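K.L.:
Residue numbers (the UniProt record's numbering), protein chains in the order written: chain A, 1 to 316; chain B, 1 to 490.
Every residue gets a Cβ at the ideal spot worked out from N, C-alpha and C, and that includes glycine.
A quick note: this is a predicted structure, and the numbers were derived from the prediction, not measured.
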């Protein structure tokens, strides 16, 4: 197990290094000069040059890469060119919106999807099944930003129950924060729940066809009891895998929804960084995201290895 | 009956009290400022929030675009236009309690002029020879040469007065002398300003003002309709204006900006180095059609690089009227009877992307076949502005009084004619407003005759806000959203 962990940790470090090189080079070849973008069209060339020196943009390529990676290794993610505040602070502020929104959306999606999937599987081929399958098909096909606009028109403009967007901050109170995140979470949860419900349904149907299910019925369990005690647990493995993937996706991928609801989330931070040529923010946040995804993958691998000893052995 | 009347009166009183009680304001703006220091950065969004509200300069640009007294309550200019004596307001303090006096003026300008200065408009201070503190309430500034626009230039956001103790941290925690104090900045969401109870001048009438950043036009409409914001000083989508006009809760106010939208032309590159080709383009443009087609009719056609609402405006529409036959004839004279191919690089704003399609269609009429290349801002700055690798482009020059860019031969459209440079020197030497306007008219006519760029339209400004909100500026002579006189009325 130790050897397994060591191999995994080494792979993690190498993946991260590869990611930093890729991100650095990509932003290097992208057009644009951060200093000129910040100073504008009428800027004095001397002032632009002074700013470029201060940002360290005049150093050679390799020096800049090494400084960046070494600083990060020491926990210093740099200072935003434009906001003039440490990137770590910016990320922490944005996580206070993105993380709860992700958890909220994922919770909604799971709470809707699992019962819906179980319901559909246990009524396979009947009206209930067709209804769930039809609705989830529509849910997958509906673009979430369009659904979000419909929610805004109904709940904000017409009924005036929710604000059309924005985030008051957690200091405005827990419920105020939750209220502000409700419409975005619903909009994010709809397609995710639709996918998850379908995965749940087919995993459960697979499990229900297994031999041990017949045994369970034979020893006297009712159909419902057999599903709850045996089939459901086995069917949850693919469902958990999907939930894990959805977590990573929602964390960084909510950018369109963040725009529709003008929420100060992580996705918009990266987007703004790209537009304003705040390259240090883009670089550092992307590396942090890569780190988070790699870490989640590692945790999943470890969890699988704990469950299944065969996965610990070195494969050729 | 008496009782009923009493009840009505009480209700009216209560309603009045409730209305008068509203002293906070929430405005939507499209862009978040990258930082809050107007002396270190060019982003218009910085000035939008802090200029005149938090920071003040010696002078201040009013709604008509004229320089008015601010931290300098009066001034004297010597006969030769070289010496300015500014008499400062007394009793003013910075928001951290530090007293404002002449040494702060010297500090601020020395800082902007320093070798390592990151002031984006360093050029504004270039004419300054010396700054002397005569006494705490008097500053004497000596110039290297007469600079006609000096008082106006001192009203730019880049020339605000800062305190030595807080100058380095203004980017995140701005400390100025203005009627509003910086409150809170929820990054990515909003900035809040609070009333300054110790303001030296006319106090603000709002207790609190919040700027919310809403970049998506659809989200902006939803936020306005849901009542999340009280208005947008710059409404992002002209296509939704009829819907808002029909809503009795809101006023729609059309104004003007300092943004001359031009068909930027690479005059250093063939065939655009030929006057006849540029004149042909000028004749081929139907400016009103561009305004109607690209801007939903919001904007004013222009014929030179000067705003139609400015004091030195001259009607030059007769110079190159829309005339396709003449345009074709000029093109043939220049050696292109069958026209030619060229590129049109368009930055992201709607005025450029939508305007570009109309311009391309109009130039096709005379045989100029344009390939449209959409570019991001970063690419535009890199390729067009810095690299001069372009034929034609569309961009709006939003700085006030920026006709002097035509004197710079290394500027992206590359004009810099000696006669024009001489005019600009003459302009600088003139301190009298009438004389300045006369020179500005000459300069405007010269570049119009030379058809340096295609002059398209003055960018309009659509203001949308609650009908009970008064004191908002209709026009945008600077980039500021000046809240100093904004108030709620019944």
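Relative to the C-alpha of residue 31/B, which residue among 221/B, 211/B, 115/B is closest?
P.N.:
211/B
K.L.:
Got a sec: is the Cβ-Cβ distance from residue 34/B to anything in chain A below 9 Å?
P.N.:
Output row for residue 34/B: interface = yes.
K.L.:
Can you pull the chain B residues whose beta carbon is under 8 Å from the beta carbon of residue 261/A, in chain order?
P.N.:
219
K.L.:
Looking at residue 213/B and residue 375/B, is the spacing between their C-beta atoms short of 9 Å?
P.N.:
Note that the C-beta distance between residue 375/B and residue 213/B is not below 9 Å.
K.L.:
Starting from residue 139/B and walking both ways along the beta strand (DSSP E), at which residues does that stretch end?
P.N.:
138 to 143
K.L.:
Put residue 41/B into one of helix, strand or coil per three-state DSSP.
P.N.:
It is coil, neither helix nor strand.
K.L.:
Using the Cβ count rule (16 or more neighbours within 10 Å means buried), how would you classify residue 467/B?
P.N.:
exposed
K.L.:
Does the stretch 140 to 156 of chain A come close enough to the stretch 214 to 230 of chain B that 3 or more CB-CB pairs lie under 8 Å?
P.N.:
yes
K.L.:
Residues of chain A with CB closer than 9 Å to the CB of residue 172/B, please, in chain order.
P.N.:
83, 84, 85
K.L.:
Alpha carbons only, please: which of 47/B, 351/B, 78/B is nearest the one belonging to residue 239/B?
P.N.:
351/B
K.L.:
Check whether chain A comes within 9 Å of residue 117/B, counting only Cβ atoms and requiring the distance to be less than that.
P.N.:
yes
K.L.:
Of all the alpha helix (DSSP H) runs that stay within the bounds of the stretch 170 to 249 of chain A, which reach a length of 4 or more residues?
P.N.:
174 to 208, 211 to 218, 223 to 226
K.L.:
Based on the DSSP secondary-structure assignment, which residues constitute the bridge partners of residue 461/B?
P.N.:
255/B
K.L.:
On a Cα-Cα basis, can you pick out the residue from 394/B, 398/B, 143/B, 481/B that is closest to residue 78/B?
P.N.:
143/B
K.L.:
Ordered along the chain, which non-local residues of its own chain (more than five positions away) have a Cβ less than 6 Å from that of residue 101/B?
P.N.:
For residue 101/B, the CB contacts under 6 Å within the same chain, skipping 5 residues up- and downstream, are 136 in chain order.
K.L.:
Tell me which same chain residues have a C-beta within less than 7 Å of the C-beta of residue 153/B, skipping the five on either side of it?
P.N.:
Excluding sequence neighbours, residue 153/B sits near 124, 159.
K.L.:
I'd like to know whether the C-beta of residue 316/A is nearer than 9 Å to at least one C-beta of chain B.
P.N.:
Model confidence at residue 316/A stands at a pLDDT of 43, short of 50, so the residue's coordinates are unreliable; what they give is reported in the following sentence. It does not; no Cβ of chain B falls within 9 Å.
K.L.:
Note down, in chain order, every chain B residue with its Cβ under 8 Å from the Cβ of residue 165/A.
P.N.:
Simply 214, 219, 222, 223, 228.
K.L.:
So, does the CB of residue 386/B fall closer than 9 Å to a CB anywhere in chain A?
P.N.:
yes
K.L.:
Compare the C-alpha of residue 84/A against each of 64/A, 54/A, 67/A, 109/A and name the closest.
P.N.:
54/A
K.L.:
Buried or exposed: which applies to residue 491/B, given that a residue is buried once 16 or more other Cβ atoms fall within 10 Å of its Cβ?
P.N.:
Nothing in the structure corresponds to residue 491/B, since chain B is present only between 1 and 490.
K.L.:
According to the Cβ coordinates, are residue 412/B and residue 305/B closer than 9 Å?
P.N.:
no
K.L.:
Closer than 7 Å by beta-carbon distance: list the chain B residues that pair up with residue 276/A, in chain order.
P.N.:
34
K.L.:
Note down, in chain order, all residues in the stretch 149 to 161 of chain A with a beta-carbon under 8 Å from any beta-carbon belonging to chain B.
P.N.:
149, 152, 153, 156, 157, 160
K.L.:
Measuring only the C-alpha atoms, how far is residue 6/B from residue 53/B?
P.N.:
Residue placement at residue 6/B is poorly supported in this model, since its pLDDT is 46, which falls under 50; the coordinates are not used for a value here.
K.L.:
For residue 458/B and residue 176/B, I'd like the C-alpha separation in whole angstroms.
P.N.:
33 Å
K.L.:
Listing by chain order, which chain B residues have their CB less than 9 Å from the CB of residue 93/A?
P.N.:
Result: 186, 187, 188.
K.L.:
Whose C-alpha, out of 193/A, 189/A, 80/A, 169/A, is nearest the C-alpha of residue 190/B?
P.N.:
169/A
K.L.:
Does the CB of residue 39/A have a neighbour CB from chain B at under 9 Å?
P.N.:
Yes, its Cβ sits closer than 9 Å to a Cβ of chain B.
K.L.:
Give every residue of the same chain whose Cβ lies closer than 7 Å to the Cβ of residue 99/B, excluding the five residues on either side of it in the sequence, and list them in chain order.
P.N.:
93
K.L.:
For residue 440/B, collect the residues of the same chain with a Cβ closer than 6 Å to its Cβ; drop the 5 residues on either side in sequence, then sort them by chain order.
P.N.:
312
K.L.:
Quick check on the burial criterion: 16 or more other C-beta atoms within 10 angstroms. Buried or exposed for residue 455/B?
P.N.:
Label assigned to residue 455/B: buried.
K.L.:
If contact means a Cβ-Cβ distance below 9 Å, which residues of the stretch 466 to 482 of chain B contact chain A?
P.N.:
Within the stretch 466 to 482 of chain B, no residue qualifies.
K.L.:
Quick check on residue 13/B: buried or exposed, where buried means 16 or more other Cβ atoms within 10 Å of its Cβ?
P.N.:
At residue 13/B, the pLDDT of 44 sits below 50, so the modelled position is not reliable and the matter cannot be decided from this model.
K.L.:
Please identify the residue among 469/B, 474/B, 479/B, 478/B whose C-alpha is closest to the C-alpha of residue 26/B.
P.N.:
469/B
K.L.:
Using a Cβ-Cβ distance under 9 Å, would residue 381/B count as near chain A?
P.N.:
yes
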